[in-house]
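Numbering (our numbering), first residue to last: 46 to 257.
Scroll down for the structure; my scribbles are underneath it.
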């Protein structure tokens, strides 16, 4: 369930980021629909004075802002409902990965059924944890791309009122969304790498203690 919620946030951030990067294109399409197929003026001064184009930009910007607010609300609900279940999933997965590696490496080969079960559990837990961390990485990545899209948008040729809307949204989008486990650990590729390194270190310590 937590994976599904996280993937929903990631997908919506991707859609929103794409919409932000194509803001000019969307406003122009709206203009052509309202003007009977006539393209918007190319001259910057005429663009600022064109009331139809100004209304199209305002509508496109508001759609992005409304979509972002919906995502933020969904993200807040995810953090409220899923932070501790996600933390427990990460913690449990980390322990199972370490134990499975230990069983596979340190002597279950004489009991084939145990060796195979440990190997299957290891693969399943690694894939499950990787999917969760990859989802968190995508949320942060597309959140950052949304911010970049708004900064790269050529808003010089639009009206002052629309510039204000863009500036307000830039401030809201400045802080990227980060999926957290228990409000303590970010869910991303770095966390996945840290967990795998910790599991490997744990197994090496066990092997060293056995030799001694």
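Using N, Cα and C, we set each Cβ at its ideal position, and we do this for glycine too.
(message) Let me check one thing: in DSSP terms, what residues is residue 273 bridge-paired to?
(response) Examination of residue 273 is not possible in this model, given that the chain is present from 46 through 257 alone.
(request) Answer with buried or exposed for residue 137, where buried requires no fewer than 16 other C-beta atoms within 10 angstroms of its C-beta. (result) exposed
(message) Only counting the same chain, and skipping five residues up and downstream in sequence, which positions put a Cβ closer than 6 Å to that of residue 161?
(response) none
(request) Compute the Euclidean distance between the alpha carbons of residue 125 and residue 232, then round it to the nearest angstrom. (result) The alpha-carbon atoms of residue 125 and residue 232 are separated by roughly 15 Å.
(message) To test your reading of the DSSP string, which unbroken alpha helix (DSSP H) runs of 4 or more residues are found completely within the region 178-225?
(response) Listed in chain order, the alpha helix (DSSP H) elements of length 4 or more contained wholly in the region 178-225 are 205-218.
(request) Could you tell me which of 180, 78, 169, 204 sits nearest to residue 91, measuring between CA atoms? (result) 204
(message) Three or more C-beta pairs under 8 Å: does that hold for the region 211-224 against the region 50-58?
(response) yes
(request) Identify which residue in 104, 127, 146 has its Cα closest to the Cα of residue 65. (result) 104
(message) Please list the terminal residues of the continuous alpha helix (DSSP H) segment that includes residue 229.
(response) Here residue 229 belongs to no alpha helix (DSSP H), and DSSP marks it neither H nor E.
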